[in-house]
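Visitor:
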Amino acid sequence: MDSWIWWLLAAVGLGIPLVITAMPEFAMFAVGAGAAAGVAGLGAGVVWQVLTFVAVSTALLVVVRPIAYRQLKNGPQVKMGIEALQGATAVVAETVDGEGGRIKLNGEVWSARALNPGSVYQPGQQVDVVEIQGATALVV
């Protein structure tokens, strides 16, 4: 069997742990194995194949990996849970005052209380959610 086939099998073999573990380093090794398969297909000897694999894999690890991790750290952060609800706009369903009431927030009905005890919000009015305390939204 030709050596380029072995290198392609190695590239596929390195792709399997990439999918299972989601570690991008395996993709870099797989690309290195693919480059070695290309060199083997051109008729280069085993030494050049191994050197190509090592050089390409190392170059990717040294250059691409730090850039990728920097992008992951500095990328947009998605708010989830109650953090996503803070700052959202809701519609008053039942009169909301310092004692309580109900609002419709993201399609769900929530119990709500006015942040300022003297404030009163009537049904149909839009309010902003300032904070979530348990199952109650504090609104202004």
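Start counting the sequence shown at 1; every next residue gets the next number (UniProt numbering).
Just so you know, even glycine gets a beta-carbon here, dropped at the ideal spot from N, CA and C.
Does the beta-carbon distance from residue 96 to residue 127 come in below 9 Å?
Guide: yes
Visitor: Helix, strand or coil for residue 78 per DSSP?
Guide: Here residue 78 sits in coil by DSSP.
Visitor: If you reduce the DSSP assignment to three classes, tell me which class residue 49 lands in.
Guide: helix
Visitor: Within a Cβ cutoff of 6 Å, which residues of the same chain sit near residue 49, ignoring the five residues on either side of it in sequence?
Guide: Here the set comprises 36, 39 and 40.
Visitor: If you run the structure through DSSP and keep just helix, strand and coil, what is residue 22?
Guide: Of the three classes helix, strand and coil, the one that applies to residue 22 here is coil, per DSSP.
Visitor: Helix or strand or just coil, what does DSSP make of residue 83?
Guide: For residue 83, the three-state secondary structure derived from DSSP is helix.
Visitor: Taking DSSP as the reference, what is the three-state secondary structure of residue 60?
Guide: It is helical.
Visitor: Could you tell me the distance, in whole angstroms, from the CA atom of residue 69 to the CA atom of residue 61?
Guide: Cα-Cα distance, rounded: 11 Å.
Visitor: What residues match up with residue 69 in a beta bridge as DSSP calls it?
Guide: According to DSSP, residue pairing for residue 69 in a beta bridge does not occur.
Visitor: With a threshold of 8 Å on Cβ separation, who are the neighbours of residue 131 within its own chain once the five nearest residues in sequence on each side are excluded?
Guide: Within the same chain, residue 131 has close Cβ partners 86, 115, 137 and 138.
Visitor: Going along the chain, which residues of its own chain have a beta-carbon closer than 6 Å to the beta-carbon of residue 29, five neighbours each way excluded?
Guide: 14 and 57
Visitor: By the 10 Å Cβ neighbour count, where 16 or more other Cβ atoms means buried, how is residue 92 classified, buried or exposed?
Guide: buried
Visitor: Is the distance from the Cβ of residue 113 to the Cβ of residue 98 below 9 Å?
Guide: yes
Visitor: Roughly how many whole angstroms lie between the Cα atoms of residue 47 and residue 17?
Guide: 26 Å
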